[in-house]
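K.L.:
I have a structure here, written as C-alpha coordinates, and I will follow up with some questions on it.
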(Lines of atoms letter the chains of each structure in order from A; the text may use other names.)
(Lines give C-alpha, C1' and ligand atoms only; values in the text may rest on other atoms or scores of the structure.)
Protein backbone atom coordinates (compact mmCIF):
# COMPACT_ATOMS: atom_id res chain seq x y z
CA UNK A 13 0.00 0.00 0.00
CA UNK A 14 1.20 3.51 -0.81
CA UNK A 15 2.28 5.74 2.04
CA UNK A 16 1.96 9.47 2.70
CA UNK A 17 4.38 11.40 4.92
CA UNK A 18 2.92 13.89 7.40
CA UNK A 19 5.41 16.28 9.00
CA UNK A 20 4.25 17.71 12.31
CA UNK A 21 5.28 18.88 15.75
CA UNK A 22 4.62 17.39 19.17
CA UNK A 23 2.20 19.34 21.33
CA UNK A 24 3.22 20.28 24.83
CA UNK A 25 -0.18 21.66 25.77
CA UNK A 26 -3.42 19.89 24.83
CA UNK A 27 -5.97 22.20 26.46
CA UNK A 28 -8.88 23.93 24.71
CA UNK A 29 -7.07 27.26 24.49
CA UNK A 30 -3.98 25.84 22.76
CA UNK A 31 -6.15 23.67 20.52
CA UNK A 32 -8.17 26.68 19.38
CA UNK A 33 -4.96 28.62 18.76
CA UNK A 34 -3.65 25.79 16.58
CA UNK A 35 -6.80 25.76 14.45
CA UNK A 36 -6.72 29.54 14.08
CA UNK A 37 -3.15 29.19 12.81
CA UNK A 38 -4.23 26.69 10.12
CA UNK A 39 -3.01 23.58 11.95
CA UNK A 40 -4.86 20.40 12.91
CA UNK A 41 -4.54 18.85 16.38
CA UNK A 42 -3.91 15.09 16.20
CA UNK A 43 -3.42 12.10 18.48
CA UNK A 44 -1.50 8.93 17.71
CA UNK A 45 -2.67 5.82 19.57
CA UNK A 46 -1.40 2.25 19.55
CA UNK A 47 1.98 2.79 21.20
CA UNK A 48 3.08 2.71 24.83
CA UNK A 49 1.37 6.06 25.30
CA UNK A 50 -0.67 8.48 23.20
CA UNK A 51 1.32 11.02 21.20
CA UNK A 52 -0.23 14.47 20.75
CA UNK A 53 0.94 16.46 17.75
CA UNK A 54 -0.20 18.93 15.13
CA UNK A 55 0.41 19.51 11.44
CA UNK A 56 -0.67 22.03 8.83
CA UNK A 57 -4.13 21.33 7.45
CA UNK A 58 -2.84 21.24 3.86
CA UNK A 59 -0.58 18.31 4.83
CA UNK A 60 -3.67 16.07 5.01
CA UNK A 61 -5.03 16.95 1.57
CA UNK A 62 -3.79 13.79 -0.16
CA UNK A 63 -4.82 11.62 2.77
CA UNK A 64 -8.33 12.83 3.50
CA UNK A 65 -9.68 14.15 0.19
CA UNK A 66 -9.15 11.03 -1.87
CA UNK A 67 -11.00 7.75 -2.49
CA UNK A 68 -7.70 5.88 -2.18
CA UNK A 69 -6.36 4.23 0.97
CA UNK A 70 -2.91 5.04 2.36
CA UNK A 71 -0.73 4.27 5.31
CA UNK A 72 0.97 7.25 6.94
CA UNK A 73 4.50 8.06 8.08
CA UNK A 74 4.30 10.67 10.83
CA UNK A 75 7.55 12.61 11.22
CA UNK A 76 7.77 14.77 14.34
CA UNK A 77 11.42 15.82 14.22
CA UNK A 78 14.24 14.85 16.58
CA UNK A 79 14.35 11.47 14.87
CA UNK A 80 10.80 10.55 15.91
CA UNK A 81 8.90 8.76 13.18
CA UNK A 82 5.83 6.52 13.36
CA UNK A 83 4.00 4.32 10.86
CA UNK A 84 0.25 4.66 11.21
CA UNK A 85 -3.20 4.61 9.63
CA UNK A 86 -5.98 7.16 9.90
CA UNK A 87 -8.47 5.97 12.51
CA UNK A 88 -10.98 8.80 12.91
CA UNK A 89 -11.50 12.33 11.67
CA UNK A 90 -13.73 15.15 12.86
CA UNK A 91 -14.79 17.92 10.47
CA UNK A 92 -16.82 21.08 10.97
CA UNK A 93 -20.46 20.39 10.00
CA UNK A 94 -20.73 23.61 7.97
CA UNK A 95 -17.29 24.52 6.66
CA UNK A 96 -15.89 20.95 6.35
CA UNK A 97 -12.72 22.25 7.98
CA UNK A 98 -10.72 19.45 9.65
CA UNK A 99 -11.04 19.81 13.43
CA UNK A 100 -9.19 16.75 14.75
CA UNK A 101 -7.63 13.52 13.52
CA UNK A 102 -6.86 10.28 15.36
CA UNK A 103 -4.18 7.94 14.05
CA UNK A 104 -3.35 4.38 15.06
CA UNK A 105 0.25 3.21 15.10
CA UNK A 106 0.98 0.09 13.08
CA UNK A 107 3.63 -2.53 13.76
CA UNK A 108 5.11 -4.76 11.07
CA UNK A 109 4.43 -7.95 13.05
CA UNK A 110 0.79 -7.17 13.92
CA UNK A 111 -2.22 -7.40 11.64
CA UNK A 112 -4.38 -4.32 11.23
CA UNK A 113 -7.88 -3.71 9.90
CA UNK A 114 -8.68 -0.82 7.56
CA UNK A 115 -11.00 0.15 4.73
CA UNK A 116 -9.77 -0.02 1.14
CA UNK A 117 -11.62 0.87 -2.09
CA UNK A 118 -13.07 -1.65 -4.52
CA UNK A 119 -11.65 -1.58 -8.05
CA UNK A 120 -14.01 -2.95 -10.70
CA UNK A 121 -12.44 -4.67 -13.71
CA UNK A 122 -13.81 -6.49 -16.72
CA UNK A 123 -16.93 -6.08 -18.87
CA UNK A 124 -20.12 -7.57 -17.50
CA UNK A 125 -22.26 -9.58 -19.91
CA UNK A 126 -25.31 -8.24 -18.14
CA UNK A 127 -24.23 -4.62 -18.52
CA UNK A 128 -23.43 -5.13 -22.21
CA UNK A 129 -26.94 -6.56 -22.59
CA UNK A 130 -28.43 -3.34 -21.21
CA UNK A 131 -28.30 -3.85 -17.44
CA UNK A 132 -27.17 -1.33 -14.82
CA UNK A 133 -24.18 -2.00 -12.56
CA UNK A 134 -25.05 -1.07 -8.96
CA UNK A 135 -22.27 -0.77 -6.37
CA UNK A 136 -23.41 -2.03 -2.97
CA UNK A 137 -20.00 -1.52 -1.36
CA UNK A 138 -17.40 0.87 -2.75
CA UNK A 139 -15.07 0.13 0.18
CA UNK A 140 -14.37 -3.03 2.16
CA UNK A 141 -12.67 -3.66 5.48
CA UNK A 142 -9.63 -5.89 5.17
CA UNK A 143 -7.21 -7.32 7.71
CA UNK A 144 -3.53 -8.00 7.04
CA UNK A 145 0.01 -7.36 8.12
CA UNK A 146 1.01 -3.79 7.14
CA UNK A 147 3.24 -5.03 4.31
CA UNK A 148 0.33 -7.01 2.82
CA UNK A 149 -2.34 -4.29 2.93
CA UNK A 150 -3.76 -3.94 -0.60
CA UNK A 151 -4.29 -0.62 -2.37
CA UNK A 152 -7.71 -1.96 -3.40
CA UNK A 153 -9.87 -5.08 -3.62
CA UNK A 154 -10.16 -6.18 -7.25
CA UNK A 155 -13.68 -7.16 -8.32
CA UNK A 156 -13.99 -8.84 -11.74
CA UNK A 157 -17.53 -8.33 -13.04
CA UNK A 158 -17.01 -10.18 -16.35
CA UNK A 159 -19.14 -13.26 -15.42
CA UNK A 160 -22.12 -11.23 -14.16
CA UNK A 161 -25.30 -11.78 -16.16
CA UNK A 162 -28.46 -9.71 -15.78
CA UNK A 163 -29.68 -10.08 -12.20
CA UNK A 164 -26.41 -11.58 -10.89
CA UNK A 165 -24.62 -10.43 -7.73
CA UNK A 166 -20.91 -10.48 -6.90
CA UNK A 167 -20.23 -11.64 -3.35
CA UNK A 168 -17.07 -11.03 -1.32
CA UNK A 169 -16.32 -14.77 -1.49
CA UNK A 170 -15.75 -14.45 -5.25
CA UNK A 171 -12.85 -11.98 -5.15
CA UNK A 172 -9.17 -12.93 -4.74
CA UNK A 173 -7.69 -12.18 -1.32
CA UNK A 174 -3.94 -12.89 -1.45
CA UNK A 175 -2.30 -12.30 1.93
CA UNK A 176 -5.30 -10.51 3.44
CA UNK A 177 -8.78 -11.25 4.80
CA UNK A 178 -12.05 -9.49 4.01
CA UNK A 179 -13.79 -8.66 7.28
CA UNK A 180 -17.37 -9.00 6.05
CA UNK A 181 -19.91 -11.86 6.14
CA UNK A 182 -19.79 -14.22 3.16
CA UNK A 183 -23.20 -13.00 1.95
CA UNK A 184 -21.98 -9.40 1.57
CA UNK A 185 -22.66 -8.13 -1.96
CA UNK A 186 -20.02 -5.95 -3.61
CA UNK A 187 -22.06 -5.13 -6.70
CA UNK A 188 -24.89 -6.43 -8.86
CA UNK A 189 -26.30 -6.08 -12.35
CA UNK A 190 -29.91 -4.93 -12.34
CA UNK A 191 -32.16 -4.75 -15.35
CA UNK A 192 -32.43 -1.14 -16.50
CA UNK A 193 -35.74 0.64 -17.02
CA UNK A 194 -35.12 0.77 -20.74
CA UNK A 195 -34.35 -2.95 -20.90
CA UNK A 196 -37.39 -3.75 -18.73
CA UNK A 197 -39.65 -1.65 -20.94
CA UNK A 198 -38.28 -3.31 -24.07
CA UNK A 199 -38.86 -6.74 -22.54
CA UNK A 200 -42.44 -5.84 -21.58
CA UNK A 201 -43.17 -4.52 -25.05
CA UNK A 202 -41.68 -7.62 -26.61
CA UNK A 203 -43.83 -9.79 -24.35
CA UNK A 204 -46.96 -7.85 -25.31
CA UNK A 205 -46.10 -8.13 -28.99
CA UNK A 206 -45.66 -11.87 -28.65
CA UNK A 207 -49.08 -12.29 -27.05
CA UNK A 208 -50.93 -10.00 -29.46
CA UNK A 209 -52.50 -11.75 -32.50
CA UNK A 210 -50.82 -11.03 -35.81
CA UNK A 211 -52.53 -8.36 -37.97
CA UNK A 212 -54.82 -9.75 -40.67
CA UNK A 213 -54.79 -13.17 -39.08
CA UNK A 214 -58.24 -14.69 -38.60
CA UNK A 215 -59.18 -15.92 -35.15
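Numbering (my numbering), first residue to last: 13 to 215.
In this text, a Cβ means the ideal position worked out from N, Cα and C, and glycines have one as well.
These figures come from a predicted structure and were not determined experimentally.
1. Can you give me the start and stop residues for the alpha helix (DSSP H) that residue 126 sits inside?
2. Runs of 4 residues minimum, wholly inside the segment 48-120: which ones carry the alpha helix (DSSP H) assignment?
3. Under 9 Å between the Cβ atoms of residue 102 and residue 44?
4. If I follow the unbroken alpha helix (DSSP H) through residue 216, where does it start and stop?
5. Which class does residue 207 belong to by DSSP, given the choice of helix, strand or coil?
6. For the candidate residues 76, 204, 120 and 206, whose alpha-carbon lies nearest to that of residue 170?
7. Do the CB positions of residue 177 and residue 144 come within less than 9 Å of each other?
8. Could you name the residues of the same chain whose beta carbon sits closer than 6 Å to that of residue 20, not counting the 5 residues immediately before and after it, in chain order?
9. In this structure, does DSSP put residue 168 in helix, strand or coil?
10. Around the C-beta of residue 90, are 16 or more other C-beta atoms found within 10 angstroms, so that it is buried, or is it exposed?
11. Measuring alpha carbon to alpha carbon, tell me which residue in 67, 29 and 35 is nearest residue 98.
12. By how many angstroms is the C-alpha of residue 25 removed from the C-alpha of residue 243?
13. Using DSSP's beta-bridge definition, name the partner residues of residue 156.
14. What is the C-beta distance between residue 106 and residue 136, in whole angstroms, given that I count them as a contact (C-beta under 8 Å)?
15. If you compare alpha carbons, which of 117, 113, 139 and 134 is closest to residue 161?
16. Return the CA-CA distance between residue 88 and residue 114, expressed in angstroms with no decimal places.
17. Nearest-angstrom Cα distance between residue 41 and residue 32?
18. Excluding the 5 residues preceding and the 5 following residue 151 in the sequence, name in chain order all residues of the same chain whose CB lies nearer than 6 Å to its CB.
19. Considering only their Cβ atoms, is the gap separating residue 168 from residue 157 smaller than 9 Å?
20. With a threshold of 16 other CB atoms inside 10 Å of the CB of residue 131, please say whether the residue is buried or exposed.
21. State the DSSP-derived secondary structure class of residue 147, mapped to helix, strand or coil.
22. Under a Cβ-count criterion, where at least 16 other Cβ atoms within 10 Å of its own Cβ denotes burial, should residue 71 be classed as buried or exposed?
P.N.:
According to the structure shown:
1. For the purposes of this step, residue 126 is identified with residue 114 of the chain shown, where counting begins at 1. Segment 125-128, the alpha helix (DSSP H) holding residue 126.
2. 61-64
3. The residue you call residue 102 lines up with position 90 of the chain shown. The residue you call residue 44 lines up with position 32 of the chain shown. Yes, the Cβ-Cβ distance between residue 102 and residue 44 is below 9 Å.
4. Examination of residue 216 is not possible in this model, given that the chain is present from 13 through 215 alone.
5. In the chain shown, counting from the first residue as 1, residue 207 sits at position 195. Note: residue 207 maps to helix in three-state DSSP.
6. As a working mapping, residue 170 is identified with position 158 in the chain shown. Of the listed residues, the one whose Cα sits closest to residue 170 is 120.
7. The residue you call residue 177 lines up with position 165 of the chain shown. The residue you call residue 144 lines up with position 132 of the chain shown. In this structure, residue 144 lies closer than 9 Å to residue 177 by Cβ.
8. As a working mapping, residue 20 is identified with position 8 in the chain shown. Hits under 6 Å: 53, 54, 55 and 76.
9. For this step, residue 168 is matched to residue 156 along the chain shown. In the structure shown, residue 168 sits in a helix (DSSP, three-state: H, G or I).
10. Translated into positions along the chain shown, residue 90 becomes position 78. Burial call: exposed.
11. Mapped onto the chain shown, residue 98 falls at position 86. Closest by alpha carbon: 35.
12. Examination of residue 243 is not possible in this model, given that the chain is present from 13 through 215 alone.
13. The count along the chain shown starts at 1 and reaches residue 156 at position 144. Paired residues: 121.
14. Within the chain shown, numbered from 1, the residue matching residue 106 stands at position 94. Within the chain shown, numbered from 1, the residue matching residue 136 stands at position 124. Residue 106 to residue 136, Cβ: 29 Å. No contact.
15. Taking the chain shown and counting its residues from 1, the one referred to as residue 161 is at position 149. Taking only the C-alpha atoms, the option nearest residue 161 is 134.
16. Residue numbering aside, residue 88 sits at position 76 when the chain shown is read from its first letter. Residue numbering aside, residue 114 sits at position 102 when the chain shown is read from its first letter. Taking the straight line from one Cα to the other gives about 11 Å.
17. As a working note, residue 41 is residue 29 in the chain shown. As a working note, residue 32 is residue 20 in the chain shown. Going from the Cα of residue 41 to the Cα of residue 32 covers about 9 Å.
18. Your numbering for residue 151 matches position 139 in the chain shown. Excluding positions up to five away in sequence, the list reads 13.
19. Numbered from 1 along the chain shown, position 145 holds the residue referred to as residue 157. Numbered from 1 along the chain shown, position 156 holds the residue referred to as residue 168. Cβ atoms of residue 157 and residue 168: not closer than 9 Å.
20. Within the chain shown, numbered from 1, the residue matching residue 131 stands at position 119. So residue 131 ends up on the buried side.
21. Taking the chain shown and counting its residues from 1, the one referred to as residue 147 is at position 135. Residue state, collapsed to three classes: helix.
22. For the purposes of this step, residue 71 is identified with residue 59 of the chain shown, where counting begins at 1. Residue 71 comes out buried.
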